[in-house]
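Since the structure comes first, as structure tokens, the remarks are kept for the end.
In our numbering, the protein residues as written are 1327 to 1703.
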């Protein structure tokens, strides 16, 4: 009987195609938009993932990594004096305007690393040598800078020069970084040189990067640093999580993407429910015939449920596959953002399951109400 149910489903090719296309579109829209949303939120934590240190120390008012409230230089010594701190180094981070050789300007995210240790250096150097960063006027640029400069007709390579705040910046290496939410290229240099590039201010220390001792109690160490007054310490994972939460709560990104996903769900329910109802309506005489031959309610419910879920699983598989193909294509280009964790697949699957249940209920109600005698009319 289950084989008969599938033959009935596949036999009406037009409605079967409509059902599969509707659910495929729903799964594609939900998965693709949710993955872009997750990728966009992941971009907000690019600085944390690029620098890669266990503990970040910031001003007490700082809530997320892209918000910089400068610290005093003496704060670095205060943090170094805390028990269980193995080392602490300064980090400069600011958005400045770079003047290109053709006279145009490009905003860059200037990151100043500790001159002695280069803690926070890029993880992957595509070309050049990281140690050359200690040379005069040396900077390292990322792949985003290469792309943005090329769009302006400028080929950036090792040895190229541009200006930051009327001071020469000479490229000594090209690195790979995580793309940031702000979309501006990362430019790495030493901390002392970053202070030279930056406009004069009373306080220029952006963050303090801390490495705890091997046997240190990290939560207790975070509390000790926070108790110094005017400072706040985060583990890297906590800082990334707080950054994502801040953008989630304080921007319109969730509403924008949530609206699109909700529309996909509504369209999926409407198309699948209506089309499945028409499918059952046109095949109700066959169900009535089975009733007349002695098929019980439970058997008919199983047949209708199998039909609904067969369509659902097919549409879900095609939709997720198309979304994954889209993600693979855009990841090669670097934008738009795309990140598909397993939670996205579970979410899409749960929604498709809900649509299948609603469609099956619509069909089951129609079948149960059908009279076996109608086959003789």
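For glycine and all other residues, C-beta sits at the position ideal for the given N, C-alpha and C.
Note that the coordinates shown come from a computational prediction; the quantities given were computed from them, not determined experimentally.
Give the C-beta separation of residue i and residue j to the nearest angstrom, bearing in mind that I take them to be a contact with Cβ-Cβ under 8 Å.
| i | j | result |
| --- | --- | --- |
| residue 1503 | residue 1370 | With 8 Å as the limit, residue 1503 and residue 1370 do not qualify as a contact, their Cβ atoms being about 14 Å apart. |
| residue 1420 | residue 1561 | The Cβ separation is near 24 Å, so there is no contact. |
| residue 1384 | residue 1436 | Rounded, the Cβ-Cβ distance is 17 Å, inconsistent with contact. |
| residue 1413 | residue 1565 | The pair is not a contact, with the Cβ atoms about 18 Å apart (cut-off 8 Å). |
| residue 1349 | residue 1445 | Not quite, the Cβ-Cβ distance comes to about 50 Å (not below 8 Å), so this is no contact. |
| residue 1394 | residue 1641 | With 8 Å as the limit, residue 1394 and residue 1641 do not qualify as a contact, their Cβ atoms being about 46 Å apart. |
| residue 1559 | residue 1548 | 4 Å |
| residue 1537 | residue 1396 | About 22 Å separates the two Cβ atoms, so there is no contact after all. |
| residue 1404 | residue 1529 | At roughly 14 Å, the Cβ-Cβ gap does not stay under 8 Å, so residue 1404 and residue 1529 are not in contact. |
| residue 1465 | residue 1442 | The Cβ separation is near 18 Å, so there is no contact. |
| residue 1646 | residue 1671 | 6 Å |
Short of 8 Å in beta carbon distance, which residues of its chain neighbour residue i, apart from the five on each side in sequence? Order them along the chain.
| i | result |
| --- | --- |
| residue 1660 | 1469, 1470, 1473, 1505 |
| residue 1574 | 1367, 1580 |
| residue 1478 | 1426, 1428, 1430, 1432 |
| residue 1637 | 1335, 1342, 1345, 1346, 1349, 1598, 1602, 1682, 1685 |
| residue 1515 | 1436, 1437, 1438, 1439, 1459, 1464, 1465, 1466, 1495, 1523 |
| residue 1657 | 1664 |
| residue 1454 | 1466, 1484, 1497, 1498, 1499, 1500 |
Going along the chain, which residues of its own chain have a beta-carbon closer than 7 Å to the beta-carbon of residue i, five neighbours each way excluded?
| i | result |
| --- | --- |
| residue 1467 | 1482, 1497, 1500, 1511, 1513 |
| residue 1416 | 1402, 1440, 1517, 1531, 1534 |
| residue 1450 | 1501, 1502 |
| residue 1294 | With the chain represented from 1327 up to 1703, any question about residue 1294 goes unanswered, as that position is not in the structure. |
| residue 1387 | 1395 |
Buried or exposed, going by whether 16 or more other CB atoms sit within 10 Å of the CB of residue i?
| i | result |
| --- | --- |
| residue 1557 | buried |
| residue 1702 | Because residue 1702 sits at a pLDDT of 49, beneath the cut-off of 50, its placement in the model cannot be relied upon, and the following sentence gives the value as read from the coordinates. Answer is exposed; the Cβ neighbour count stays below 16. |
| residue 1490 | buried |
| residue 1699 | With a pLDDT of only 49 at residue 1699, under the threshold of 50, the placement of this residue in the model should not be trusted; the figure read from the coordinates follows. By the neighbour-count rule (16 or more Cβ atoms within 10 Å), residue 1699 is not buried but exposed. |
| residue 1447 | buried |
| residue 1340 | exposed |
| residue 1411 | buried |
| residue 1576 | exposed |
| residue 1390 | buried |
| residue 1597 | buried |
| residue 1578 | exposed |
| residue 1588 | exposed |
| residue 1551 | buried |
| residue 1527 | exposed |
| residue 1361 | buried |
| residue 1678 | buried |
| residue 1655 | exposed |
| residue 1663 | buried |
| residue 1653 | buried |
Since residue i sits in a beta bridge, which residues does DSSP pair it with?
| i | result |
| --- | --- |
| residue 1419 | 1437 |
| residue 1414 | 1536 |
| residue 1512 | 1435 |
| residue 1384 | 1558 |
| residue 1468 | 1501 |
| residue 1453 | 1500 |
| residue 1658 | For residue 1658, which the question treats as bridged, DSSP gives no partner whatsoever. |
| residue 1566 | None, per the DSSP bridge assignment. |
| residue 1476 | None, per the DSSP bridge assignment. |
| residue 1425 | 1431, 1489 |
Which residues bound the beta strand (DSSP E) around residue i?
| i | result |
| --- | --- |
| residue 1489 | 1487-1490 |
Beta-carbon within less than 6 Å of residue i's beta-carbon, same chain only, minus the 5 sequence neighbours each way: which residues are those?
| i | result |
| --- | --- |
| residue 1583 | 1359, 1363 |
| residue 1507 | 1369, 1370 |
| residue 1590 | 1352, 1355, 1356 |
| residue 1374 | 1391, 1562, 1565, 1566 |
| residue 1644 | 1350 |
Got a sec, what are the start and stop residues for the alpha helix (DSSP H) residue i sits in?
| i | result |
| --- | --- |
| residue 1365 | 1339-1369 |
| residue 1400 | 1399-1406 |
| residue 1552 | 1544-1552 |
| residue 1442 | Where residue 1442 is concerned, there is no enclosing alpha helix (DSSP H), given that its DSSP letter is neither H nor E. |
| residue 1519 | 1517-1523 |
| residue 1374 | 1372-1377 |
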